[in-house]
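*Asks:* Its first residue numbered 139, the sequence shown is counted upward by one per residue in this note's numbering.
Would you mind keeping the following structure in view while I ask a few things?
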Amino acid sequence: MGIPLFDPLAVLAPLRDQLHAAVDGVLERGQFVLGDEVAAFEDELAAYLGVRHAVGVANGTDAITIALQALGVGPGDEVVVPAFTFYASAEAIPPTGARPVFCDVEPDTLCVSAATVRAALTGHTKAVVAVHLFGNVAPVAEIEALGVPVVEDTAQALGSLSAGGARAGGLGMVSTHSFFPSKNLGAFGDAGAIATNDAAIADTVRALRFHGSRDKLRHDYVGWNSRLDELQAAILRVQLPHLDDWCARRRTVARWYAEAGIEGLARPPVAAPGSHPAWHLYVVRRPGADDLCAALAAGGIEARGYYRTPLHRQPAMAPYAAGAHLPVTDEAAHTNLALPMGAWLDAGHVREVVDAMRTATDR
Ligand SMILES: Cc1ncc(COP(=O)(O)O)c(C=O)c1O
Numbered sequence: 139m140g141i142p143l144f145d146p147l148a149v150l151a152p153l154r155d156q157l158h159a160a161v162d163g164v165l166e167r168g169q170f171v172l173g174d175e176v177a178a179f180e181d182e183l184a185a186y187l188g189v190r191h192a193v194g195v196a197n198g199t200d201a202i203t204i205a206l207q208a209l210g211v212g213p214g215d216e217v218v219v220p221a222f223t224f225y226a227s228a229e230a231i232p233p234t235g236a237r238p239v240f241c242d243v244e245p246d247t248l249c250v251s252a253a254t255v256r257a258a259l260t261g262h263t264k265a266v267v268a269v270h271l272f273g274n275v276a277p278v279a280e281i282e283a284l285g286v287p288v289v290e291d292t293a294q295a296l297g298s299l300s301a302g303g304a305r306a307g308g309l310g311m312v313s314t315h316s317f318f319p320s321k322n323l324g325a326f327g328d329a330g331a332i333a334t335n336d337a338a339i340a341d342t343v344r345a346l347r348f349h350g351s352r353d354k355l356r357h358d359y360v361g362w363n364s365r366l367d368e369l370q371a372a373i374l375r376v377q378l379p380h381l382d383d384w385c386a387r388r389r390t391v392a393r394w395y396a397e398a399g400i401e402g403l404a405r406p407p408v409a410a411p412g413s414h415p416a417w418h419l420y421v422v423r424r425p426g427a428d429d430l431c432a433a434l435a436a437g438g439i440e441a442r443g444y445y446r447t448p449l450h451r452q453p454a455m456a457p458y459a460a461g462a463h464l465p466v467t468d469e470a471a472h473t474n475l476a477l478p479m480g481a482w483l484d485a486g487h488v489r490e491v492v493d494a495m496r497t498a499t500d501r
């Protein structure tokens with residue numbers, strides 16, 4: 139493939155020596171799960187986000203389940219979640235005992251808003267999972283003003299800045315993070331975190347990630363085995379100081395797409411008003427997106443349609459989706475196409491992608 143959608147190795151190449159040293163350090167200490175590296179990474183992530191507490195967990199899906207439980211979500215409750223997102227945003231809800239209730243997204247930002255969430259609220263709503271989709275920033279304060287706590291699903295938006303300058307993941311009651319290798323900050327396997335300003339939530343989360351226990355003796359909750367490895371934490375600590383530079387480059391790549399004339403070829407992504415997204419995915423929309431994807435692939439350019447079957451149409455979500463009418467989700471699901479995005483791209487790559495799109499759409 140001439141230009142892949144992601145290329146995590148390209149940005150990591152200059153850090154190889156540091157990464158090897160970090161792995162060696164873990165091997166020398168011989169502590170592999172929930173040790174000093176995890177504690178240091180938790181502090182550094184909290185400082186980066188501008189919140190008081192961060193707690194490492196095994197992945198971004200567990201992070202959502204555990205964060206919801208720490209908010210007291212359980213059987214009989216409803217949790218509002220967009221239908222246009224990765225499946226895990228909703229899949230994480232039933233393990234709490236609560237029901238997902240699907241809402242739509244805004245046509246420009248593809249994120250939830252106070253209006254789309256309000257349409258899904260009932261007397262049973264206990265929380266909202268607000269997804270910062272593709273790196274865009276959902277309006278967390280406006281949603282919390284509806285009177286429901288928000289879990290910010292920040293899996294795709296670490297490094298994005300809201301209109302007020304605060305970081306996505308530091309805007310609501312609690313946020314969840316994924317460090318899956320393709321994310322803006324990627325581990326060498328699965329890893330995740332939960333962040334909050336609330337000491338009680340952080341304390342509950344710490345217990346829930348470790349079998350519901352605070353001291354390995356007494357078990358206060360039926361929790362999870364969802365711990366973060368030392369190796370992953372050490373690897374993430376090497377990368378975190380570079381994240382803002384990588385995010386700045388992602389924004390520059392988005393600007394290059396605009397300068398190369400993407401707007402004449404497809405509907406480009408729209409940043410939430412005043413925000414500075416660290417575009418995790420650069421997702422355009424256009425009818426016939428799959429044909430365009432095939433034409434790009436023939437020229438060695440990788441693109442991908444995301445969430446073609448949105449969550450309210452997924453078989454496993456049928457018990458929760460009766461009567462859901464989500465027109466923006468359905469439109470975005472059919473027309474979206476993610477183009478190559480990452481800190482490793484240069485202006486020449488972007489021009490090549492846009493030229494290939496121009497040729498493909500002229501036919
Ligand atoms: C929006 C969103 N939420 C949750 C997750 C789940 O994260 P993980 O794969 O680390 O479980 C992902 C990504 O994989 C995601 O993109």
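Positions of the beta carbon are idealized from the N, C-alpha and C atoms, including for glycine.
When you measure from the CB of Gln294 to every non-hydrogen atom of ligand 1, does any distance come out below 6 Å?
*Replies:* Yes, ligand 1 has a heavy atom inside 6 Å of this Cβ.
*Asks:* Measuring only the C-alpha atoms, how far is Arg389 from Ala276?
*Replies:* Roughly 17 Å between the two C-alpha positions.
*Asks:* Out of curiosity, what's the CA-to-CA distance linking His380 and Ala306?
*Replies:* In a straight line, the C-alpha of His380 is about 17 Å away from that of Ala306.
*Asks:* Buried or exposed, going by whether 16 or more other CB atoms sit within 10 Å of the CB of Leu321?
*Replies:* At residue 321 the sequence reads Lys, which differs from the Leu that was named. Lys321 should be labelled buried.
*Asks:* Give the DSSP-derived three-state secondary structure of Ile231 in the structure shown.
*Replies:* Coil.
*Asks:* Taking the alpha-carbon of Tyr186 as reference, which of Thr342, Thr203, Arg375 has the nearest alpha-carbon?
*Replies:* Ranking the options by Cα distance to Tyr186, first place goes to Arg375.
*Asks:* Ordered along the chain, which non-local residues of its own chain (more than five positions away) have a Cβ less than 6 Å from that of Ser502?
*Replies:* What the structure shows of the chain is the stretch from 139 to 501, and residue 502 is not part of that stretch, so it cannot be assessed.
*Asks:* Grab the span of the beta strand (DSSP E) containing Arg237 for me, first residue to last.
*Replies:* Its beta strand (DSSP E) spans residues 237-241.
*Asks:* Excluding five sequence neighbours on each side, which residues of the same chain lie with their C-beta closer than 8 Å to the C-beta of His357?
*Replies:* Around His357: His349, Gly350, Ser351.
*Asks:* Whole angstroms are fine: how far does the CA of Asp341 sit from the CA of Ile204?
*Replies:* Ile204 and Asp341: Cα-Cα distance of roughly 12 Å.
*Asks:* Does any heavy atom of ligand 1 sit closer than 6 Å to the C-beta of Phe224?
*Replies:* Indeed, a heavy atom of ligand 1 lies less than 6 Å from the Cβ.
*Asks:* For a test of the three-state rule: what should DSSP assign to Ala258, helix, strand or coil?
*Replies:* Three-state DSSP puts Ala258 in coil, outside helix and strand.
*Asks:* Tyr225 to Gly486, Cα distance in whole Å?
*Replies:* Using only the alpha carbons, I get a separation of about 34 Å.
*Asks:* Measuring from the CB of Asn363, is there a heavy atom of ligand 1 at a distance below 6 Å?
*Replies:* Incorrect: Asn363 has no Cβ contact closer than 6 Å to ligand 1.
*Asks:* Does the Cβ of Phe272 have 16 or more other Cβ atoms within 10 Å, making it buried, or fewer, making it exposed?
*Replies:* Buried, since its Cβ has 16 or more Cβ neighbours within 10 Å.
*Asks:* Give the straight-line distance between the Cα atoms of Leu477 and Ile439, rounded to the nearest whole angstrom.
*Replies:* So the alpha carbons of these two residues sit roughly 9 Å apart.
*Asks:* Can you give the Cα-Cα distance for Leu248 and Pro448, rounded to whole angstroms?
*Replies:* Distance between the alpha carbons of Leu248 and Pro448: 13 Å.
*Asks:* Could you tell me which of Tyr395, Thr199, Val161, Val391 sits nearest to Ile332, measuring between CA atoms?
*Replies:* Of Tyr395, Thr199, Val161, Val391, the residue nearest in Cα terms is Thr199.
*Asks:* For Tyr359, which residues of its own chain have a beta-carbon under 7 Å away from its beta-carbon, when the five flanking residues on both sides are left out?
*Replies:* For Tyr359, where only same-chain residues beyond five positions count, the Cβ hits under 7 Å are Ala345, Leu346, Gly350.
*Asks:* Is Phe318 near ligand 1, in the sense that its beta carbon is under 6 Å from a heavy atom of that ligand?
*Replies:* At least one heavy atom of ligand 1 is nearer than 6 Å to the Cβ of Phe318, so yes.
*Asks:* Please state whether DSSP places Gly426 in a helix, a strand or coil.
*Replies:* In this structure, Gly426 counts as coil in the three-state DSSP scheme.
*Asks:* Exposed or buried, which one is Gly310 when buried takes at least 16 other CB atoms within 10 Å?
*Replies:* With 16 or more other Cβ atoms within 10 Å, it is buried.
*Asks:* Return the CA-CA distance between Asp493 and Glu244, expressed in angstroms with no decimal places.
*Replies:* Straight-line Cα distance between these residues: approximately 29 Å.
*Asks:* Could you check the C-alpha separation between Asp336 and Ala201 for me, to the nearest Å?
*Replies:* Going by the C-alpha atoms only, they are around 16 Å apart.
*Asks:* Relative to the C-alpha of Phe179, which residue among Glu229, Ala435, Gln377, Glu490 is closest?
*Replies:* The option with the nearest alpha carbon to Phe179 is Gln377.
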